[in-house]
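One point on numbering: in full-length UniProt numbering, the residue at position 37 of the sequence shown is 37, and numbering is uninterrupted.
Note that CB positions come from ideal geometry on N, CA and C, so glycine has one too.
It should be emphasised that the depicted structure is a prediction, and the values quoted were computed from it without experimental measurement.
Working notes for the structure below.
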Amino acid sequence: MLAYTNSTHLSVKVTYRTLPKSVSDSVDLARAKSKNGGRSLREKLEKIGLNLPAGRRKAANVTLLTSLVEGEAIHLARDFGYVCETEFPSRQVGEFLCRNHSDPSELYRRKELLIATKQIMKEFVDLLNQDRSPLCNTRPQAILEPNIQRHLTHFSLITHGFGSPAIVAALTAVQNFMNESLKYLEKQLNNYQTSGSTHVPGVDTKKEDPKK
1 MLAYTNSTHL SVKVTYRTLP KSVSDSVDLA RAKSKNGGRS LREKLEKIGL NLPAGRRKAA
61 NVTLLTSLVE GEAIHLARDF GYVCETEFPS RQVGEFLCRN HSDPSELYRR KELLIATKQI
121 MKEFVDLLNQ DRSPLCNTRP QAILEPNIQR HLTHFSLITH GFGSPAIVAA LTAVQNFMNE
181 SLKYLEKQLN NYQTSGSTHV PGVDTKKEDP KK
């Protein structure tokens, strides 16, 4: 486990971008118990190109993510995504939640709800995948309009790059759950149709699914 952890290099650019969001120099930077401690530390930071004006107060709540540099947060999000993709019990959860529905009309209704939900969720995930917030030493070309990208960038800064990738990872697990639920419903509906009944009152069985 310890051998798996790699050291993460922290550049001045990353420090400058993330530090003002989470640090109060009256507490963390001042070393204020010694005379001129804050000024001394501030002068040392200025020598490496990091300028923090005196009297700064933290502009955001401190969270566990505050202790991570962007490289660590991105690594955490990547590993979280891998675990969601490979270990989350999508099939088991999907079948468990669908098994209490046996009436054909309920099965068709649940299928329609899942298909509609998948479409909305796909739009949301596609948006997050277009997020081009600056990370580590990169500043990718923006794809989204500035009026939405700046909010995503703010969220990325607050979470040190963990936020959007982690949400996409979690929603990928939800999408897999919905896919498995649809497979189960299709199987149940096929069994119902082969059992002899060909029509469910109030349900158009010939209606095509929306584009997935």
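Could you work out which residue in the options is closest to residue i when comparing CA atoms only?
{"i": "Ile148", "options": "Phe124, Asp103, Glu72", "result": "Phe124"}
{"i": "residue 253", "options": "Leu114, Leu171, Leu185", "result": "Residue 253 is absent from the model: the chain starts at 1 and stops at 212."}
{"i": "Ser164", "options": "Ala173, Leu152, Val174", "result": "Leu152"}
{"i": "Cys136", "options": "Lys47, Val69, Asn61", "result": "Val69"}
{"i": "Pro89", "options": "Ala116, Phe177, Ile143", "result": "Phe177"}
{"i": "residue 216", "options": "Pro146, Ile143, Gln175, Arg110", "result": "No answer is possible for residue 216: it lies beyond the span of the chain, which begins at 1 and ends at 212."}
{"i": "Ile167", "options": "Asp103, Lys122, Thr194, Ala116", "result": "Lys122"}
{"i": "Lys187", "options": "Glu85, His101, Glu87", "result": "His101"}
{"i": "Lys183", "options": "Phe80, Lys47, Val93, Ala142", "result": "Val93"}
What do you get for residue i, buried or exposed, if any count of 16 or more other CB atoms within 10 angstroms of its CB means buried?
{"i": "Tyr108", "result": "buried"}
{"i": "Val83", "result": "exposed"}
{"i": "Ala43", "result": "Here residue 43 is Glu; the residue named in the question, Ala, does not match the sequence. Glu43 comes out exposed."}
{"i": "Ala73", "result": "buried"}
{"i": "Ser156", "result": "buried"}
List the whole-angstrom C-beta distance separating residue i from residue j, where the pair is believed to meet the contact cut-off of C-beta under 8 Å.
{"i": "Leu181", "j": "Leu127", "result": "Correcting the residue identity first, residue 181 is Ser in this sequence and not Leu. So it is not a contact: roughly 24 Å between Cβ atoms."}
Have a look at residue i and residue j and give me their C-alpha separation to the nearest angstrom.
{"i": "Ala170", "j": "His75", "result": "15 Å"}
{"i": "Glu105", "j": "Asn179", "result": "Correcting the residue identity first, residue 105 is Ser in this sequence and not Glu. Computed Cα separation, rounded: 20 Å."}
{"i": "Leu189", "j": "Arg78", "result": "38 Å"}
{"i": "residue 277", "j": "Gln130", "result": "No information on residue 277 is available, as it lies outside the stretch 1 to 212 that the chain covers here."}
{"i": "Thr172", "j": "Tyr192", "result": "30 Å"}
{"i": "Arg132", "j": "Glu112", "result": "34 Å"}
{"i": "His154", "j": "Thr138", "result": "16 Å"}
{"i": "Pro140", "j": "Pro134", "result": "6 Å"}
{"i": "Glu87", "j": "Ala116", "result": "26 Å"}
{"i": "Ile143", "j": "Ile120", "result": "20 Å"}
Contact criterion: CB-CB distance below 7 Å. Does residue i meet it with respect to chain C?
{"i": "Gln149", "result": "Here chain C cannot be found, since the structure has a single protein chain."}
(message) Does the segment 151–164 come into contact with the segment 61–69, if we say contact requires no fewer than three beta-carbon pairs (one atom in each stretch) closer than 8 Å?
(response) Below 8 Å, enough C-beta pairs join the segment 151–164 and the segment 61–69 to call them touching: three or more.
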